[in-house]
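A quick write-up on the structure given underneath.
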Amino acid sequence: MNSEERMLHEECGVFGIYGSQDAANICYYGLHALQHRGQEGCGIVSANEGTLKYVKGAGLVNTVFNEEKLSSLKGDIAVGQVLYTNAGGGELTENIQPIVFHHRTGDFAISYNGKLVNADRLRKYLEDKGSLFLTSSDCELLANLIKKDAAQAHIDRIHSIIEALNMVEGAFAFLIMTGKRIYACRDKHGLKPLSLGKLKDGSWVVASESCAFEVIGAEFVRDVEPGEIISIDHHGIRSNHFSSFKHRNMCSMEYIYFARPDSDVDGCNVHAFRKESGKLLFKEAPADADIVIGVPDSSLSAAIGYAEASGIPYEMGLVKSKYIARTFIQPSQSMREKGVRMKLSAVRSIVGGKRVVMVDDSIVRGTTSKRIVRLLKEAGASEVHVRIASPAMTHPCYYGVDTSTYEELISAQKSVEEVREYIEADSLSFLSTESLMKSGDRCEMCMACFDGKYPTDLYLTNEDATLYKRYKIKAK
Ligand code: SF4
Numbered sequence: 221m222n223s224e225e226r227m228l229h230e231e232c233g234v235f236g237i238y239g240s241q242d243a244a245n246i247c248y249y250g251l252h253a254l255q256h257r258g259q260e261g262c263g264i265v266s267a268n269e270g271t272l273k274y275v276k277g278a279g280l281v282n283t284v285f286n287e288e289k290l291s292s293l294k295g296d297i298a299v300g301q302v303l304y305t306n307a308g309g310g311e312l313t314e315n316i317q318p319i320v321f322h323h324r325t326g327d328f329a330i331s332y333n334g335k336l337v338n339a340d341r342l343r344k345y346l347e348d349k350g351s352l353f354l355t356s357s358d359c360e361l362l363a364n365l366i367k368k369d370a371a372q373a374h375i376d377r378i379h380s381i382i383e384a385l386n387m388v389e390g391a392f393a394f395l396i397m398t399g400k401r402i403y404a405c406r407d408k409h410g411l412k413p414l415s416l417g418k419l420k421d422g423s424w425v426v427a428s429e430s431c432a433f434e435v436i437g438a439e440f441v442r443d444v445e446p447g448e449i450i451s452i453d454h455h456g457i458r459s460n461h462f463s464s465f466k467h468r469n470m471c472s473m474e475y476i477y478f479a480r481p482d483s484d485v486d487g488c489n490v491h492a493f494r495k496e497s498g499k500l501l502f503k504e505a506p507a508d509a510d511i512v513i514g515v516p517d518s519s520l521s522a523a524i525g526y527a528e529a530s531g532i533p534y535e536m537g538l539v540k541s542k543y544i545a546r547t548f549i550q551p552s553q554s555m556r557e558k559g560v561r562m563k564l565s566a567v568r569s570i571v572g573g574k575r576v577v578m579v580d581d582s583i584v585r586g587t588t589s590k591r592i593v594r595l596l597k598e599a600g601a602s603e604v605h606v607r608i609a610s611p612a613m614t615h616p617c618y619y620g621v622d623t624s625t626y627e628e629l630i631s632a633q634k635s636v637e638e639v640r641e642y643i644e645a646d647s648l649s650f651l652s653t654e655s656l657m658k659s660g661d662r663c664e665m666c667m668a669c670f671d672g673k674y675p676t677d678l679y680l681t682n683e684d685a686t687l688y689k690r691y692k693i694k695a696k
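Position in the sequence shown (first residue = 1) + 220 = my numbering.
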């Protein structure tokens, strides 16, 4: 994977289980399998005879939880989350989820992956009605929307949730847990992944990625549909749709970079997607070279595809240290720069004297690509041809993926030739948006960070709207 100071951050991961006496333990293993989606904090809340109890904290799943903490989480329902801080905005401590809300109509917890683009407007609307907010989290906003008409006690919770979800705009996968039920909800644009699975004992599980099912021995049942709320309780599962508007604009970065290769996202295996993108990349941008290498880990499948299509041998020219946390978690630029060097090594005996095709998943700011090209050249590579298995990133993401600002995105500032020069590569090519779409045999997909076509209204500030117009014209 493109180890990054590149300001391309993970999303979060959510996991829920209903109907197992071992709910908290299974949730732990589910979150462990989703750890790649967020490493800054995590939490689990379980329900025991209607009472919610939680454990959460900063750090990795295996550092926040131990046997004692897990055994304190009794009950047969649990939901959890792994967090990447900026995804929800605000401070780490206030955003570690699930967040438990106390209300006279019953406590409930929310776990969330995504970002609401109209959060500021809704917050103002609720504050005008008298709500007070303790955090900047979208979770708290949703909880307030769900409870805004609580005085009308005859309204079923599902109707309150439907009404709340119809007020929010953006990309999200929410798990809402009460003392006896889980509601799994996915945005109507289909931007965020959420899958449903079942364990052999009949317990239902729901997770951001299907790789979490494999590890707990659950079978994949289906994806939660865009605009759908699945209620899971002692009746089994029931489906409601909060919107008839429905699209399958899955975030293309899930396939390119975020998701694990063994996950199926919206019916498409991530490894297969990446491998196909590598094949198409070769068709669009062949290179005369001796070996093909991938930047570990998320670029390896595309590199295999490129090698297979080109007939050039695939080699392991870069090795990643397994014991360094992902580079982009390091808070400062100097720490991140050190991180890249500690994390990746070029294999001199493989790349020495060779013309190398280096396949990577994306270029955000260009500083990492430059360093990796240098690493390869210092290890004796005679030429380095960089091939990127995604289009040039020219726009920021407003849906919870921290892809930097226009000013930081190198492809928003420079032409392909200028980027090539900056990263000191012998040649550079990006995959086209057409081939990206073809890689997953998809008809719809969010590619807004490459083409500026955002699938939702963005509710931009005047300043952001001016920037958007300027860069959209430039990208053409
Ligand atoms: S803008 Fe980019 S990162 Fe954001 S959801 Fe769309 S494809 Fe994903």
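Here a beta-carbon is modelled for each residue, glycine too, at the ideal position from N, C-alpha and C.
Assumed close pair residue i, residue j - CB separation to whole angstroms, cut-off 8 Å
i: G233; j: G258; result: 6 Å
i: G334; j: A393; result: 6 Å
i: S472; j: M667; result: 5 Å
i: Q255; j: V284; result: Not a contact, Cβ separation roughly 11 Å.
i: I366; j: S380; result: 5 Å
i: S631; j: I583; result: 7 Å
i: E644; j: K563; result: Not quite, the Cβ-Cβ distance comes to about 20 Å (not below 8 Å), so this is no contact.
i: G326; j: T271; result: Going by Cβ atoms, the distance from G326 to T271 rounds to 11 Å, so no, they are not a contact pair.
i: A601; j: D581; result: Going by Cβ atoms, the distance from A601 to D581 rounds to 20 Å, so no, they are not a contact pair.
Contact under 8 Å by Cβ, residue i with residue j
i: V512; j: A523; result: yes
i: V281; j: Y248; result: yes
i: I168; j: D369; result: One cannot answer for residue 168 here, as it falls past the ends of the chain, which runs 221 to 696.
i: Y526; j: F493; result: no
i: D443; j: D486; result: yes
i: T676; j: G410; result: no
i: V275; j: L293; result: yes
i: V621; j: M578; result: no
i: Y403; j: I457; result: no
i: V426; j: A509; result: no
N-terminal and C-terminal residue of the alpha helix (DSSP H) that residue i is part of
i: L365; result: 358–366
i: M387; result: 377–387
i: M431; result: First, the amino acid is wrong: residue 431 is Cys here, not Met. C431 -> alpha helix (DSSP H) spans 431–436.
i: T283; result: 281–284
i: I592; result: 587–598
i: A244; result: 243–253
Buried/exposed call for residue i, threshold 16 Cβ in 10 Å
i: A685; result: exposed
i: Q291; result: Gln is not the amino acid found at residue 291; the sequence shown has Ser there. Exposed, since its Cβ has fewer than 16 Cβ neighbours within 10 Å.
i: N315; result: buried
i: R640; result: buried
i: H322; result: exposed
i: L651; result: buried
i: T547; result: Residue confidence is low: T547 scores 45 on pLDDT, short of 50, so the model does not pin down where it sits. Its coordinate-derived value is still stated next. Buried is the call here.
i: S569; result: exposed
i: G308; result: With a pLDDT of only 44 at G308, under the threshold of 50, the placement of this residue in the model should not be trusted; the figure read from the coordinates follows. Label assigned to G308: buried.
i: Q317; result: buried
Segment limits, beta strand (DSSP E) that includes residue i
i: V606; result: 603–608
i: L336; result: 328–336
i: Q301; result: 297–303
i: I264; result: 261–268
i: I457; result: 456–461
i: M578; result: 575–580
i: I570; result: Element bounds for I570: not the beta strand (DSSP E) but the alpha helix (DSSP H), 568–571.
Bridge partner(s) assigned by DSSP for residue i
i: L416; result: V426, R442
i: G390; result: L336
i: D661; result: For D661, which the question treats as bridged, DSSP gives no partner whatsoever.
i: K273; result: S266
i: V320; result: A329
Contact test: residue i Cβ vs the ligand FMN heavy atom, cutoff 7 Å
i: A668; result: With respect to the ligand FMN, the structure shown offers nothing to examine, as its ligands consist of the ligand SF4.
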